[in-house]
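First residue of the sequence shown? That's 40 in the working numbering, and the numbers climb one at a time after it. Below is one structure, written out as structure tokens, with a few remarks after it.
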Amino acid sequence: MRSNRKIARAKKVEASPKAEPELRRYVFKMSSNFSVSFDEVGFNIYNMPEAEQAVIKVAPAKSYRELLVEFNNTNKQEGLPKGELLKFNIEDDAVTVYNPAPVVVDGQTYLWARVEKRTTEKHSVVRLFKEGKNGVWDAVEEAPIFEGLQDPFYCGIIGGYHILGGVQVYDVPGTPDLGYRTVFYRYRNSFTELLNANGETRNPFVEGPEKMKGIRLIQRENGRIGVTVRPQGQFGGRGRIGYFEIESLDTLQRALADYERQKDPKTLNGGLFVDEEWGGANELSNLPDGKIGVLGHIAGFGENSNKKNYYSMTFIFDPETRSVSNVQIIATAEQFPPVEVKRVKKDDRGSICYSGGLVKLENDHAWLYVGIGDTKAGRILIKTTRLYGKTTPIQKRN
40 MRSNRKIARA
50 KKVEASPKAE
60 PELRRYVFKM
70 SSNFSVSFDE
80 VGFNIYNMPE
90 AEQAVIKVAP
100 AKSYRELLVE
110 FNNTNKQEGL
120 PKGELLKFNI
130 EDDAVTVYNP
140 APVVVDGQTY
150 LWARVEKRTT
160 EKHSVVRLFK
170 EGKNGVWDAV
180 EEAPIFEGLQ
190 DPFYCGIIGG
200 YHILGGVQVY
210 DVPGTPDLGY
220 RTVFYRYRNS
230 FTELLNANGE
240 TRNPFVEGPE
250 KMKGIRLIQR
260 ENGRIGVTVR
270 PQGQFGGRGR
280 IGYFEIESLD
290 TLQRALADYE
300 RQKDPKTLNG
310 GLFVDEEWGG
320 ANELSNLPDG
330 KIGVLGHIAG
340 FGENSNKKNY
350 YSMTFIFDPE
360 TRSVSNVQII
370 ATAEQFPPVE
380 VKRVKKDDRG
390 SICYSGGLVK
400 LENDHAWLYV
410 GIGDTKAGRI
420 LIKTTRLYGK
430 TTPIQKRN
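Below, the structure written as structure tokens:
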């Protein structure tokens, strides 16, 4: 890093009731590398080199309230672990820093985080922070500042590049609302590569479909790139997770556009969210058995309330059978000191614990970094065996 780099700002962008039924899915191996599956919804043809003839039951989805009961029962004997709130050198009564995404560089943890005024969601920026003296996280002055970006995430190294992303927001002419889409940046060795010779932030190399969050990438062991998506509306309801794979980063832009146009329901994962609730993927990890560990969030309205509640969750996704297992809540806002929740628009925020990312430690634990109340950042220590099961420990990410 060079401390004499000019701080860059990206240019503002203008707008260009019931649980899932139980399904029985049939998977037939047609050859060594070609399979067909079908269920009550439809059929899907895809590569499944290891799939054998099988009948797979997709269990009904559980509501977040049911998962909360299981979470509390699991931790009843040892008690719920307590999280800590993080302090940032630029935050005060007017400015908030939250929804952090960790990235480890040479053994040092950095956080990309969302920065904005407490009373608005407009004029958001994403900045990089490094832990300094007395546990205070200091802004990295030589790092780019992404204006109009929210909810950053880091996908690790994919196709030889470090992949950084976030939700780009922009004004919609004629309305007070913000438009949004997921965008991606990439660099080879240092985040300073995201600045051009004039110290200005480079443009994203991929822009996702409008009004789609939750797009995440993972480099698979077979060389392909896994992609999660989160469509909403008539196709995705309040928000469901889909998955597909691509050959290289060069095809990502086209693949996302094709996905948005085709709206194939067979790409959506059942067994995750009931109709009244929603969620998304925040971070993906390869597991030793070839499956994918998903750190995400699940959300829904409080009982007889318009307040939205968010919880950190994990589950295991099998890309060959497109099935999910080990769906569980792993952290709640109640495990952290009380915070003042963000109050804008409809005043509709309730209990909010939003997953940012995991940093694995050497003692079978990991730091889970989260956003609390849309106003604060925090972290909590999690046993890695609690994430995806004792037989599928999380692997370190680059």
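Where is the CB? At the ideal position from N, CA and C, for every residue including glycine.
Endpoints, alpha helix (DSSP H) assigned at residue i
i, result
"Q292", "L291 to Q301"
"F283", "Premise fails: F283 lies in the beta strand (DSSP E), G281 to I285, not in any alpha helix (DSSP H)."
"R104", "Y103 to T113"
Boundaries of the beta strand (DSSP E) in which residue i is found, first to last residue
i, result
"F168", "V164 to E170"
"T353", "K347 to D357"
"F340", "I331 to F340"
"E249", "V245 to E249"
"K156", "Q147 to K156"
"I254", "K252 to Q258"
"P141", "V134 to V144"
"D177", "V175 to A178"
"A182", "Per DSSP, A182 belongs to no beta strand (DSSP E) and is neither H nor E."
"R277", "It is not in any beta strand (DSSP E) - R277 carries neither H nor E in the DSSP assignment."
"T267", "I264 to R269"
"N325", "W317 to N325"
CA-to-CA distance, residue j to residue i, given in whole angstroms
i, j, result
"T113", "L107", "10 Å"
"N321", "I285", "19 Å"
"R259", "V268", "16 Å"
"S287", "E246", "16 Å"
"G335", "P212", "32 Å"
"Q271", "K305", "15 Å"
"A178", "R166", "7 Å"
"F375", "A236", "43 Å"
"P243", "T159", "25 Å"
"L150", "Y427", "24 Å"
"E249", "R425", "35 Å"
"P191", "P141", "9 Å"
"L62", "M251", "Residue placement at L62 cannot be trusted, given a pLDDT of 41 that sits under 50; the coordinates are not used to answer."
"D357", "Q189", "29 Å"
"W406", "D314", "31 Å"
"P139", "R418", "9 Å"
"D413", "Y137", "6 Å"
"D210", "P183", "22 Å"
"L307", "R279", "7 Å"
"P120", "Y350", "15 Å"
"K330", "G265", "11 Å"
"G218", "E117", "44 Å"
"S163", "T221", "14 Å"
"G146", "Y193", "16 Å"
"N173", "G275", "45 Å"
"I411", "R153", "12 Å"
"Q207", "V134", "19 Å"
Sequence-distant residues of its chain with Cβ nearer than 7 Å to residue i (five each side left out)
i, result
"E232", "Y226"
"E170", "T148 and W176"
"A143", "As written in the sequence, residue 143 is Val, which differs from the Ala given in the question. Same-chain partners within the cutoff: V398."
"K422", "D403 and H404"
"L420", "P120, H404 and W406"
"S42", "At S42 the pLDDT is 41, less than 50, meaning the model places this residue with poor confidence and gives no usable figure here."
Proximal residues to residue i (C-beta, below 6 Å), its chain only, five neighbours per side dropped
i, result
"F354", "V333, V363, N365 and V366"
"F110", "I368"
"G253", "R269, G319 and A320"
"K415", "L124, Y137 and V378"
"R263", "E284"
Cβ-based neighbour list, residue i, same chain, cut-off 8 Å, excluding 5 preceding and 5 following
i, result
"N348", "Y103, A338, G339, F340, G341, G389, S390 and I391"
"P377", "none"
Residue-level contact to chain D via CB, residue i, 7 Å cutoff
i, result
"R153", "Absent from the structure is chain D; it holds one protein chain and no more."
Proximity test, residue i beta-carbon vs the ligand ATP heavy atom, cut-off 6 Å
i, result
"R300", "Only the bare structure without any ligand can be found here, which leaves the ligand ATP out of the picture."
Ordered list of alpha helix (DSSP H) runs contained in the segment 359-437, each at least 4 residues: 424-427
Considering only residues of the segment 187-237, which uninterrupted beta strand (DSSP E) runs meet the minimum length of 3 residues and lie entirely inside it, listed in chain order? 188-197, 200-210 and 217-226
Whether or not the segment 325-332 and the segment 294-303 are in contact is what I'm after, with contact meaning three or more pairs of Cβ atoms, one per stretch, closer than 8 Å; do they touch? no
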